[in-house]
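Shown next, in structure tokens, is the structure this report addresses.
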Amino acid sequence: MQKLKEEVGLLLSTYVSLEPAVIEELLEAPPDPNFGDLAFPCFTLAKSYKKAPTQISEELASALAGKKGLYWNRVTAGGPYLNFFIAPEAYGREVLRQIWEQGNHYGHSDIGKGRNVPIDYSSPNIAKPFGVGHIRSTVIGHALYLIYKALGYNSIGVNHLGDWGTQFGKLIVAFKRWGKEEELLADPVDYLYRLYVKFHQLAEADPTLDDEARAWFKKLEEDDSQAVDYWTRFRRLSLENYALIYDLLGIQFEHFHGESHYNKMLDDVIKLVQEKGIAEESEGALIVDLEPYGLPPVMLRKKDGATLYITRDIAAAIYRKQTFDFALSLYVVGAEQTLHFQQLFKILELLDFEWSKACVHVPFGLIRFKEGKMSTRAGKIILLEEVLERSITMAREIIEEKNPDLADKERAAIAVGLGAVRFGDLSNDRIKNIEFDWEKVLDFSGETAAYIQYAHARICSILRKASPGYGNWSDQASSLLVKEEEVTLVKTLAILPEKIIAAAEGYRPSILARYLVDVAREFNRFYHNCPVLSSAGELQQGRLLLIGATRQVIANGLALLGIETPEEM
RNA sequence: GCGCCUGUAGCUCAGGGGAUAGAGCAACGGAUUCCUAAUCCGUGUGCCGCAGGUUCGAAUCCUGCCAGGCGCACCA
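If you're matching positions, the first sequence starts at 4 in my numbering and goes up one per residue.
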């Protein structure tokens with residue numbers, strides 16, 4: 004696509020008073036391929052030429068009538084647009100050659116070379132079960148991690164574990180009062196979670212429980228050995244549980260520093276803020292007044308001397324800058340914390356850190372029940388493990404029904420089951436809330452990961468059956484793809500690189516996810532209209548090259564979403 | 001009360017200044033001696049929340065309103 008744009012930009016610059024680069028910027032894809040493949044809108048010329056845009060496009064079209072370029076073969080005026088049609092032979096050959104040569108790297112680039120991008124994602128709260136609410140940060144963050152890596156950035160996965168805070172005071176109180184050792188050992192996270200829920204139920208009637216919890220957290224901050232023992236134990240048991248889920252999902256982190264990691268830096272943070280003169284005492288607490296910036300005040304230290312979440316986040320931000328010297332620092336955290344990040348970034352700015360501009364909150368909507376919000380405290384939650392298990396089970400059943408002879412059913416079931424859950428979270432704009440619905444999660448038809456994986460598996464099946472030797476590159480064969488379904492598929496494959504860049508720039512994996520649905524859809528149309536194995540000679544070879552390229556695009560794209568592409572399913 | 005986000009087909013959602021607003025699901029009808037029917041083809045539906053404004057042009061940008069969601073000092 005880029006080569007066509009360059010060609011058209013250069014060509015038009017000899018007809019109109021615009022630089023080639025400016026023209027390239029203006030070029031756009033028409034809404035309907037019947038109009039053409041690349042459109043030059045004439046509106047901007049209308050003023051300087053004092054002519055109607057329609058007239059300009061018609062004059063240009065007649066000046067170019069009968070002419071042809073390398074990658075285009077026809078040009079028409081369509082109202083105010085000048086529409087170019089690609090030359091399918093040369094264009095197809097060029098697109099397929101690029102994919103053929105670049106293979107696993109097609110769509111990748113080095114535009115981010117040498118630049119570090121820490122990405123804070125997943126970041127579960129210790130001693131709470133991994134609910135479906137946490138999957139959004141995990142899945143979106145991991146996709147961004149992979150996408151940035153593909154663009155040459157040095158992505159750094161940071162799991163900012165919620166392993167500090169008043170919730171540990173609550174857990175200690177609950178365990179000391181009601182805890183049973185045997186039950187803790189039997190199923191640690193589940194048991195800690197039940198204690199946590201119980202604590203909140205009883206604390207409603209008895210507020211002294213909260214005071215007690217705050218006191219225990221204070222002890223923890225003061226290194227009280229009993230408090231630290233409890234904390235260490237709860238933390239370790241939780242991490243062991245999370246590790247199972249991360250293994251299943253194929254997710255790793257370079258840095259596993261929880262909030263507790265920053266404790267020793269908090270005095271310095273407080274000192275720094277005080278030296279800058281932006282902090283003040285208020286009712287015994289230390290706060291930063293952000294009123295001049297239209298934001299509510301921020302509390303850095305409670306009247307009992309204990310610190311808060313944002314104090315540790317300031318420390319963490321500074322630590323990340325010092326450790327990674329980042330070009331961009333992403334926080335994949337729910338939209339309900341938007342205010343928190345506005346305040347955090349504003350404080351960093353007031354501390355004169357010019358890199359505060361490179362910190363970006365990537366928010367996402369909540370997963371909700373029809374009846375309302377999920378709540379860990381109230382025990383209204385669906386466990387991620389359960390979602391993953393049910394999804395895999397459903398995939399297993401469908402495979403048993405559709406493809407009972409499949410050799411490795413379990414591998415396919417896992418790929419499809421996990422892919423469905425991931426894709427469900429990635430395919431819609433992240434900012435929107437998701438209503439949790441088992442039927443939707445377990446539906447593998449339509450715009451789903453399974454749809455894309457199925458297209459991939461079909462291609463693999465054809466490639467396995469093709470006679471050896473037909474899979475080699477051929478300029479001739481790759482120039483024979485002129486049927487409508489073939490041309491449309493080629494044009495779709497051509498834009499993977501720009502989709503990956505768009506996904507990164509908008510921090511929106513959904514752009515890539517939606518695009519891959521398009522690829523699968525165009526492949527299916529091709530598949531139903533253009534036989535591969537029963538076509539003859541060079542055409543068969545050309546079509547094999549086309550589906551091979553399609554397979555590559557799907558595999559590369561799904562890989563960036565963390566979704567597997569089984570060869571059979 | 002103040003702030004942020006969302007509002008598009010019956011449902012779930014794409015599109016986010018430009019040509020006739022699109023998919024999936026659901027419903028109905030059709031396609032398999034042929035490369036996996038988890039597929040494909042066909043049929044119908046829209047005050048793009050409402051009202052103004054900017055513009056040659058607005059679902060898209062601005063303002064106001066309405067509805068829903070989420071936040072707003074001792075939780076994270």
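Beta carbons: idealized from backbone N, C-alpha and C, even for Gly. Predicted, not measured: the structure shown is a model, and the values here were computed from it.
Short Cβ contact (7 Å threshold) for residue i with residue j
i: alanine 460; j: glutamate 571; result: yes
i: isoleucine 550; j: isoleucine 462; result: yes
i: valine 135; j: valine 390; result: yes
i: phenylalanine 237; j: alanine 130; result: yes
i: glutamate 256; j: glycine 160; result: Reading off the sequence, residue 256 comes out as phenylalanine, not glutamate. Closer than 7 Å, so yes.
i: lysine 349; j: leucine 293; result: yes
i: tryptophan 234; j: phenylalanine 133; result: no
i: phenylalanine 88; j: aspartate 40; result: yes
i: leucine 30; j: lysine 8; result: yes
i: glycine 565; j: alanine 146; result: yes
i: isoleucine 417; j: isoleucine 385; result: no
i: phenylalanine 526; j: threonine 491; result: no
i: leucine 240; j: proline 191; result: yes
i: leucine 563; j: isoleucine 150; result: yes
i: lysine 435; j: glycine 509; result: no
i: alanine 66; j: valine 78; result: no
i: valine 535; j: isoleucine 557; result: no
i: proline 512; j: leucine 429; result: yes
i: phenylalanine 447; j: isoleucine 370; result: no
i: serine 140; j: tyrosine 156; result: no
i: serine 263; j: tryptophan 167; result: yes
i: alanine 506; j: isoleucine 498; result: no
From the options, residue whose alpha carbon lies closest to that of residue i
i: leucine 154; options: Thr341, Ile504, Glu28; result: Ile504
i: aspartate 307; options: Pro299, Tyr322, Ala320, Ser285; result: Ser285
i: lysine 412; options: Val424, Ala398, Val200; result: Ala398
i: asparagine 37; options: Ala80, Ser20, Val335, Leu269; result: Ala80
i: tryptophan 75; options: Leu63, Asn86, Ile385; result: Asn86
i: lysine 152; options: Ser448, Ala469, Arg118, Glu61; result: Arg118
i: alanine 218; options: Val291, Asp250, Gly253, Ile175; result: Ile175
i: histidine 137; options: Ile248, Glu97, Ala458; result: Ile248
i: valine 98; options: Leu563, Leu548, Met377, Ile557; result: Leu548
i: arginine 393; options: Arg180, Ala423, Trp167; result: Ala423
i: valine 25; options: Val11, Pro33, Ala507; result: Val11
i: glutamate 339; options: Arg96, Ala330, His364, His264; result: His364
i: serine 538; options: Leu483, Val200, Pro127, Gly82; result: Leu483
i: proline 300; options: Gln345, Leu187, Pro33; result: Gln345
Length of the line joining the Cα atoms of residue i and residue j
i: tyrosine 322; j: glutamate 184; result: 38 Å
i: tryptophan 22; j: aspartate 432; result: For the sequence presented, residue 22 should be read as glutamate rather than tryptophan. In a straight line, the C-alpha of glutamate 22 is about 36 Å away from that of aspartate 432.
i: glycine 337; j: alanine 93; result: 47 Å
i: glycine 420; j: aspartate 214; result: 45 Å
i: alanine 319; j: phenylalanine 43; result: 48 Å
i: lysine 173; j: threonine 379; result: 14 Å
i: valine 485; j: threonine 451; result: 29 Å
i: glycine 144; j: isoleucine 122; result: 7 Å
i: tyrosine 84; j: asparagine 532; result: 32 Å
i: tyrosine 196; j: phenylalanine 529; result: 52 Å
i: serine 20; j: threonine 57; result: 17 Å
i: leucine 561; j: alanine 458; result: 12 Å
The beta strand (DSSP E) enclosing residue i, as first and last residue numbers
i: threonine 79; result: 75-81
i: methionine 302; result: 301-304
i: histidine 364; result: 362-365
i: asparagine 119; result: 119-123
i: proline 44; result: 41-44
i: glutamate 31; result: Looking at the DSSP string, glutamate 31 is not in any beta strand (DSSP E), and its letter there is neither H nor E.
i: alanine 288; result: 288-291
i: leucine 285; result: For the record, residue 285 in the displayed sequence is serine; it is not leucine. Run containing serine 285: 282-285, per the beta strand (DSSP E) assignment.
i: valine 335; result: 332-335
i: glycine 160; result: 157-161
Unbroken alpha helix (DSSP H) run spanning residue i, endpoints
i: alanine 146; result: 135-153
i: phenylalanine 202; result: 191-208
i: valine 535; result: Note, valine 535: premise wrong, no alpha helix (DSSP H); not H, not E.
i: cysteine 463; result: 452-468
i: proline 91; result: 91-105
i: glutamate 59; result: A small correction: the amino acid at residue 59 is isoleucine; glutamate does not occupy that position in the sequence shown. It spans 56-66 - the alpha helix (DSSP H) in which isoleucine 59 sits, taken as one unbroken run.
i: glutamate 10; result: 5-16
Check: Would you call the segment 91-106 and the segment 309-324 touching, i.e. three or more CB-CB distances under 8 Å?
Finding: Contact fails: fewer than three Cβ-Cβ distances are below 8 Å.
Margin query: Pairs of beta-carbons, one from the segment 475-490 and one from the segment 530-550, closer than 8 Å: are there three or more?
Written below: yes
Check: Using 8 Å as the Cβ pair cut-off and three pairs as the minimum, do the segment 69-76 and the segment 514-529 touch?
Finding: no
Notebook entry, point to check: How about the segment 351-367 and the segment 108-117: do they share at least three Cβ pairs that are nearer than 8 Å?
Noted result: No, because fewer than three Cβ pairs between the segment 351-367 and the segment 108-117 fall closer than 8 Å, the two stretches do not touch.
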